[in-house]
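The listed protein sequences derive, respectively, from chains A and B. Per our numbering, numbering of the first sequence is gapless, rising by one per residue and ending at 545. Per our numbering, numbering of the second sequence is gapless, rising by one per residue and ending at 1256. Heads up, the beta-carbon is just placed ideally off N, CA and C, and yes, glycines get one too.
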Amino acid sequence: MAVESVDVVIIGAGASGAAAAWSLSDTRMHIVCLEQGDWPDPARYPSTGRDWELRAMSDFSFNPNQRRNPGDYPINEDNSPIKIANFNGVGGGTVLYAGHFPRFHPSDFRVRSLDGVGEDWPIDYTTLEPFYDENDRIMGVSGLQGDPANPPRPERMKPIPLGRAGAAVARGFNAKGWHWWPSDSTVATESHGGRAPCINLGHCLHGCAQGAKASTDITYWPLARRAGVEVRTRCRVREITVNDEGRATGVVYYDAAGVERFLGAEVVILACNGIGTPRLMLNSTSKRFPDGLANSSGLVGRNLMFHPYAHISGRFEETLDGGRGPSNGLWSQEFYETDLGRGFVRGFTYEFSRGQGPVMTALSGMGRGQLPIGAGHHEAYRRLHQKTTGMVAICEDLPELHNRVTLDPDLKDAHGIPAPRIDYTLSDNSRRMLAFAIDRASEVLKAAGAVHVHSESPLSIGGWHLMGTARMGLDPRTSVVNEWGRSHDVKNLFIIDGSVFVTSAGVNPTSTIQALALYVADAIKSRLANLFD
Amino acid sequence: MTAPLSPAELDDLRALAGAMIPASQAHGVPGADDAEIFAEIARGAGASADALRRLTPDLGEGPGTLALMDRETLEARLVQTWGPDAGALYALALMHYYRDDRVMTALGLEPRPPFPLGHPLEDADPALLAPVKARAPFWRPAT
């Protein structure tokens, strides 16, 4: 049987894989993307049915262990206070993210130089800036220029409406004299690239049936496929193979029918997120790489970073928005840059969290002890219904070797491939940052008129951001890929997802993941003549 | 595998649901033991069967006995013995109760899914942003 071979295989069709596929498509190389999940079907997203809040806890849960879709793989997360959130399918995490789209700050790339912690990145903000701009153009970003907390941005669609809840929180920040600004968001507020504007379904986090929120299945992929890139769904890669010279030769995968296949490739690009990428590398052992592919540094799987989240909510007397409208819409970066007087190094972003639908209001009320059973139930519910809003604090996590992804000795996926195990502990710096964030947010909400404030920290469901497990750097002893995403050890292997992050910053990472993917793809294109030197 | 709930256990679950979320004339809502709502609860009860079986001996004499208690007595016993199993059953009742048409209507919500009609969302007074716009840039430059 003839061995099938392509120029480029991209593993993973999410945020980064889609962006790189689109960028590389203009080379006219033969590019195939293997995706273990399926194409999402917006007609079946939860917000199209009366059980929309229930499905957010079942087949559209963030957590793969709860969701258990055919495209998912199990994750042993017992030894982590923060549980993994992901989505396995075309679009990846962008299907279930909130669309909050901040960029890193220039200082985020110079953490060691400025603050003496973590490591500096081998690239800087100005390197990524044109790719941030290009990504904004394809994804479609709403927001407002002129934010004093950030470098200038290109023109955007008009911002997401604040609503009553956003206005209340904004008044709270104003009362404290603290920064806030309408968020950059991939929720389209005007028609953009064939997408309809937002109609405030309020269910961004579980798939946007309107198509207003940019997920890569409806942004990059139509463009990349039109340019000739092939996406094969329900294809799970088991391992990346190498030859005696240490060059990647292709991938072994199971196709949609469960048949084991080999796909040869001149270039292999990993885009499986900060858990899936190290998992696949650790599963790809060989005589040349007995400890996992491209792992001479021993850092594959190490330095796992989440963003520890705190959720702070206030109960108000006035009627707010409930679950109507995008979950976010404003941010505050008053406490983003380091001030050691606060008791911690680095900082965080507040992301507004609008409110909840009727079922989640009830469940949250129960969890907080605010919703009794019996005769007092209905009166208590009406004190919560559409009267709660608040914010999350997205705290910068610093890289620590002991926070890591390994292979579980027992747990396997449906194809018998060893599953990842997460070992993660919250640092003292993160604990201090979370406590500070809760105190300041409580002040904001009380200033805004909240009669009761509740907080949860760390937010156990909040492992949305998966970073650092194959980081980039100039030194092969202390990094896995070089400053343009190529493996130090395997010259035709590239990594383009959050694994390559050196530090995490204190913002949602998707815009930076995609800017990096475009930057790496651009580096590949500009070096085609001597790519493997 | 957990055995499905027996008719007597379903009666107990319905009594519990009614004690947790009783009907209210004042608010114009049925209780969670309403026939339509409880049918949904019963459909979704599979994963909670063990919780019910663990809880029943703490509240009554055995399967079918909770259904014979008056609501106030059952509510009082639930409050006294409250724990994770009672919490799981309360969550089950809440998940189905707060998507019933009559309950949603009583709360001022339209009984429909969010899509395709969506919802209105007010814009705020742009003047709110004036004090922030007046600030000088404060991000740290770094190269």
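Relative to the C-alpha of Arg380 (chain A), which residue among A:Phe364, A:His218, A:Ser325 is closest? A:Ser325
Range of the contiguous alpha helix (DSSP H) that encloses Gly29 (chain A): 27-36
Does Trp1195 (chain B) pass the burial test, meaning 16 or more other C-beta atoms within 10 Å, or should it be called exposed? Around the CB of Trp1195 (chain B), fewer than 16 other CB atoms lie within 10 Å, so the residue is classed as exposed.
Can you tell me the Cα-Cα spacing of Phe143 (chain A) and Met151 (chain A), whole angstroms? Our two residues, Phe143 (chain A) and Met151 (chain A), have alpha carbons roughly 12 Å apart in a direct line.
Residues in the same chain with beta-carbon distance under 8 Å from Asp1125 (chain B), minus the five sequence neighbours each way, listed in chain order, please. Leu1165, Thr1169, Gly1173, Pro1176, Gly1177, Thr1178, Leu1179, Ala1180
For chain A, is any of its Cβ atoms less than 7 Å away from the one on Asp1147 (chain B)? no
State whether the region 97-111 of chain A contacts the region 119-139 of chain A, with contact taken as three or more CB pairs (one from each stretch) at a distance under 8 Å. no
Quick check on Gln222 (chain A): buried or exposed, where buried means 16 or more other Cβ atoms within 10 Å of its Cβ? buried
If we ignore side chains and look at the alpha-carbon of each, how far apart do Arg56 (chain A) and His218 (chain A) end up? 11 Å
The region 53-65 of chain A: which residues have C-beta closer than 8 Å to a C-beta of chain E, in chain order? This model lacks chain E altogether, as its protein chains are A and B.
Residues that Ala1255 (chain B) contacts on chain A, provided the C-beta gap is smaller than 9 Å: His117, Pro118, Ser119, Asp120, Phe121, Arg122, Ser125, Leu126, Asp136, Tyr137
Pick from B:Thr1256, B:Leu1187, B:Arg1167 that is closest to Arg1129 (chain B), judged by C-alpha positions: According to the sequence as given, residue 1129 (chain B) is Leu; it is not Arg. Here the closest residue by C-alpha is B:Leu1187.
What are the boundary residues of the beta strand (DSSP E) that includes Tyr266 (chain A)? 260-266
Residues that Arg1248 (chain B) contacts on chain A, provided the C-beta gap is smaller than 8 Å: Pro160, His191
For Leu1253 (chain B) and Ser472 (chain A), what's the separation of their Cα atoms in angstroms? The question names Leu, but residue 1253 (chain B) in the sequence shown is Arg. Arg1253 (chain B) and Ser472 (chain A): Cα-Cα distance of roughly 31 Å.
Exposure of Thr253 (chain A), with buried meaning 16 or more beta-carbon neighbours within 10 Å: buried
State the start and end residues of the unbroken beta strand (DSSP E) segment that holds Asp435 (chain A). 430-435
Return the residues of the region 1123-1136 of chain B that lie within a Cβ-Cβ distance of less than 7 Å from chain A, sorted by chain order. Ala1132, Met1133, Ile1134, Pro1135
Compute the distance between the beta-carbons of Pro58 (chain A) and Arg67 (chain A), then report whether it is under 7 Å. yes
Beta-carbon of Gly1177 (chain B) versus every beta-carbon of chain A: anything under 7 Å? no
Near Lys503 (chain A), what residues of its chain come up, given a Cβ to Cβ distance below 6 Å and the 5 sequence neighbours on each side ignored? Phe544
For Phe1251 (chain B), count neighbouring Cβ atoms within 10 angstroms of its own Cβ and tell me buried if that reaches 16, exposed if not. exposed
Given a cut-off of 7 Å, decide if Gln398 (chain A) and Thr331 (chain A) are closer than it, judged by their beta-carbon atoms. yes
Would you check if the region 362-372 of chain A and the region 400-408 of chain A touch, i.e. whether three or more CB-CB distances between them fall below 8 Å? yes
Let's see if you can read the secondary structure: which residues bound the beta strand (DSSP E) around Lys503 (chain A)? Lys503 (chain A) -> no beta strand (DSSP E), and no H or E assigned at all.
Who are the near neighbours of Glu455 (chain A) in its chain, counting only those whose CB is closer than 7 Å to its CB and skipping five residues on each side? Lys188
Below 8 Å CB to CB, which residues in the same chain sit around Gly128 (chain A) once its five sequence neighbours on both sides are set aside? Val357
Reference Arg273 (chain A), options A:Leu294, A:Arg250, A:Glu257, A:Ile525, closest by Cα: A:Arg250
Is the beta carbon of Gly480 (chain A) less than 7 Å from the beta carbon of Met317 (chain A)? yes
Throw me the rounded Cβ distance for the Ala27 (chain A) and Thr228 (chain A) pair, which I believe falls under 8 Å. 6 Å
Supposed close pair Arg483 (chain A), Asn315 (chain A) - CB separation, criterion 8 Å: Going by Cβ atoms, the distance from Arg483 (chain A) to Asn315 (chain A) rounds to 6 Å, so yes, they are a contact pair.
Run the CB neighbour count on Arg40 (chain A), radius 10 Å, all protein chains shown included, and call it buried at 16 or more, exposed below. exposed
Using 7 Å as the limit for Cβ to Cβ distance, is Asp1236 (chain B) near chain A? Answer yes: the Cβ-Cβ gap between Asp1236 (chain B) and chain A drops below 7 Å somewhere.
Where the beta strand (DSSP E) through Leu1222 (chain B) begins and ends: Careful: Leu1222 (chain B) lies outside any beta strand (DSSP E) and carries neither H nor E.
Could I get the ranges of all uninterrupted alpha helix (DSSP H) runs contained in the region 389-470 of chain A, with 4 residues as the minimum, in chain order? Inside the region 389-470 of chain A, DSSP marks whole alpha helix (DSSP H) runs of 4 or more residues at positions 389-396, 440-460, from first to last along the chain.
Return the chain-ordered list of same chain residues with a C-beta closer than 7 Å to the C-beta of Arg489 (chain A), the five sequence neighbours on each side being excluded. Ser309
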